[in-house]
Every structure is written in structure tokens, then in C-alpha cells.
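In my numbering, the protein residues as written are 379 to 672.
Step one of this worksheet: look at the structure below.
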Ligand SMILES: [Zn+2]
């Protein structure tokens with residue numbers, strides 16, 4: 379069984395390990411190590427870490443019977459290796475993942491909505507929640523509560539419990555394993571069974587912003603961003619709004635009203651233009667007919 383260092387300390391980015399098994403298939407090497415800092419790809423909705431083993435790029439990782447398999451393109455001819463993961467990617471995933479725990483918890487507390495699915499993509503993150511519809515006021519309410527919890531900087535702890543202990547833990551969702559259940563607790567606010575990587579406190583999430591929500595089957599899909607992704611999202615939107623307000627010579631708070639007015643004018647002008655073209659065509663036809671009659 380691979381010792382999963384990322385479960386004990388997700389802030390470690392470099393470590394020495396030993397290759398205990400190596401398989402070769404389809405021009406790729408599949409490595410099993412005695413211990414690893416690589417979180418495996420798509421285990422529980424969280425993508426795998428990027429990084430290197432003995433300087434060789436790891437192209438994929440997955441979990442198999444409690445072992446983590448690391449795939450590389452080149453042969454590594456030593457058993458003692460140094461592992462290194464990309465910290466920016468790990469921090470990004472921890473911000474999105476921990477933010478997801480918090481957001482799911484707030485939806486549960488305010489609307490009794492359960493989280494059915496969770497996905498971290500390259501650009502966006504979403505959860506599917508058991509609520510048929512979300513109004514703008516609901517979204518604002520959830521964002522205010524979630525961000526207050528972030529700014530209050532509550533501690534986040536992970537620990538292992540057994541099935542007998544579950545009676546005294548107010549879990550938000552049922553665990554998928556029967557023993558050695560790993561609990562992620564946000565300071566008496568949220569208890570969730572999870573084997574992902576999480577931040578040490580809510581402050582490190584930085585910020586949660588819901589980008590949009592839409593009906594998905596009988597439920598609602600909520601797209602959101604946390605931490606650095608929220609900053610990037612804001613920067614990109616700020617640049618666009620500033621460019622539009624400069625183009626239209628208006629204040630950035632009135633952009634929508636101005637664009638809506640321009641759109642209505644455009645529709646009206648297009649309609650007028652269509653009518654005029656039809657009239658012109660009719661006129662030309664009449665003129666042509668008159669000529670032929672002469
Ligand atoms: Zn988690």
C-alpha cells in the first residue's frame with residue numbers, strides 16, 4: 379500500500395521515495411512507490427497533481443487497490459527517487475476543493491440542499507445541488523455567509539474515525555467506506571467524509587464567487603470559483619467592463635443600461651433598414667416593368 383503523504387500533510391511539495399514496482403506497457407512506465415505526495419487523478423472529483431519523479435514529468439496518476447500508480451514516458455534507472463509536485467496547481471485545487479466543502483455546507487444549512495456531484499475543471503468548478511431553482515437573492519445570501527466564514531479564518535482539521543463514532547458526528551453526507559473514515563471538519567461548522575487535499579483554515583480559500591447557476595435535470599448546477607481563480611475571473615471581467623465603458627464613453631456602473639439601449643436601437647434600425655430595402659426592391663421592380671412595357 380502506498381503511504382499517502384498528501385493526506386497527512388498536503389503542504390509538502392518535495393520528498394524522497396522508493397520505486398517498489400515498475401511495469402512497462404504501450405511505451406509508458408507505470409511506477410508504484412513506497413510513499414507519494416501525488417494526489418491521484420480524479421479521485422473524488424479532484425484532479426491529480428502535476429510534477430516530476432527524479433526530474434521526469436509525471437503524465438498521469440491513478441489509484442488502484444490502495445496504491446497510487448504514477449505514469450511516466452521515460453525510464454528511471456534508480457529506485458531511490460525525489461518526488462516534486464507543482465505547488466501552484468496543488469494550492470489551486472485545495473482552494474477550489476476546500477471552497478466546495480464550505481459552499482456545499484452553506485447550501486445545506488440555508489436550504490437543506492444536498493450536494494450530488496462536484497467537478498474541478500481547468501477553468502471552472504461546479505456542484506450539483508438538490509434545489510430546483512436558485513434566485514439571485516439566494517445566491518447573494520449564500521455568498522455572504524460563505525465569505526464571512528472565510529474572513530473569520532476558522533481552522534480545518536482532518537481525522538480518522540470508525541463506524542461506531544459516527545453517531546456523535548453530524549455528517550453532512552454518508553461515507554462511502556465502512557472503516558477508517560476520514561473526516562474533514564471546518565471548526566464545528568461542517569463535517570464531511572473526504573479523502574482529498576484541504577487547506578488548514580478557511581482564510582486560505584481567499585474568496586468564493588458564484589459565476590452562474592442553471593437547471594440541471596431536477597437539480598441546480600452551481601458554477602463557482604475560489605481564491606486565485608476568483609481574482610483572475612474578476613480581473614478578466616474588470617478589463618472587459620473597462621474596455622466597454624471606454625468605448626461607449628460611460629461610467630463602468632452604467633454599462634448594462636447603455637448596452638441594452640444600444641441593442642434596442644440596433645434592432646429598431648435593422649427593422650427600418652429591412653423595410654427600406656423591401657421598398658427599394660419594389661420600386662426597382664416597378665421601374666423595370668414600366669420600362670419593358672414601353
Ligand atoms: Zn474534500
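Glycine included, C-beta positions come from ideal geometry on N, C-alpha and C.
Cβ-heavy atom distance, residue i to ligand 1, below 7 Å
i	result
residue 572	yes
residue 479	yes
residue 562	yes
residue 448	no
residue 475	yes
residue 497	no
Inter-residue CB distance, residue i and residue j (contact presumed, cutoff 8 Å)
i	j	result
residue 459	residue 395	6 Å
residue 603	residue 507	Actually they are not in contact, since the Cβ atoms of residue 603 and residue 507 sit about 17 Å apart, beyond 8 Å.
residue 397	residue 411	6 Å
residue 439	residue 426	4 Å
residue 461	residue 393	5 Å
residue 486	residue 550	5 Å
residue 586	residue 498	At roughly 14 Å, the Cβ-Cβ gap does not stay under 8 Å, so residue 586 and residue 498 are not in contact.
residue 451	residue 406	6 Å
residue 534	residue 467	That pair is no contact at about 20 Å.
residue 385	residue 572	Going by Cβ atoms, the distance from residue 385 to residue 572 rounds to 10 Å, so no, they are not a contact pair.
residue 654	residue 598	That belief does not hold up - the Cβ atoms of residue 654 and residue 598 are roughly 46 Å apart, past 8 Å.
Length of the line joining the Cα atoms of residue i and residue j
i	j	result
residue 671	residue 659	18 Å
residue 435	residue 575	21 Å
residue 418	residue 441	6 Å
residue 443	residue 522	42 Å
residue 537	residue 430	29 Å
residue 474	residue 590	16 Å
residue 543	residue 593	37 Å
residue 562	residue 488	20 Å
residue 650	residue 640	15 Å
residue 584	residue 501	17 Å
residue 607	residue 457	38 Å
residue 493	residue 652	51 Å
residue 559	residue 637	53 Å
residue 472	residue 579	11 Å
residue 622	residue 428	37 Å
residue 330	residue 618	The requested residue 330 is not part of the displayed model; the chain covers only 379 to 672.
residue 634	residue 628	11 Å
residue 399	residue 409	6 Å
residue 484	residue 510	16 Å
residue 661	residue 669	12 Å
residue 480	residue 421	19 Å
residue 570	residue 612	30 Å
residue 518	residue 554	32 Å
residue 381	residue 514	45 Å
residue 646	residue 665	29 Å
residue 526	residue 520	10 Å
residue 482	residue 657	60 Å
Enclosing alpha helix (DSSP H) for residue i [first to last residue]
i	result
residue 604	Unbroken run through residue 604 is the beta strand (DSSP E), 597 to 604; no alpha helix (DSSP H).
residue 385	383 to 386
residue 516	514 to 529
Where the beta strand (DSSP E) through residue i begins and ends
i	result
residue 463	458 to 463
residue 395	392 to 403
residue 568	568 to 571
residue 556	Counting along the chain, residue 556 falls outside any beta strand (DSSP E), and DSSP gives it neither H nor E.
residue 578	Note, residue 578: premise wrong, no beta strand (DSSP E); not H, not E.
residue 550	Premise fails: residue 550 is in no beta strand (DSSP E) and is neither H nor E.
residue 409	406 to 411
residue 647	First-last for residue 647: 633 to 671, but that is the alpha helix (DSSP H), not the beta strand (DSSP E).
residue 594	586 to 594
residue 435	434 to 442
residue 416	From DSSP, residue 416 is part of no beta strand (DSSP E); its letter is neither H nor E.
residue 543	Element bounds for residue 543: n/a, residue is neither H nor E.
residue 502	Here residue 502 belongs to no beta strand (DSSP E), and DSSP marks it neither H nor E.
residue 535	534 to 539
residue 429	429 to 431
residue 445	445 to 450
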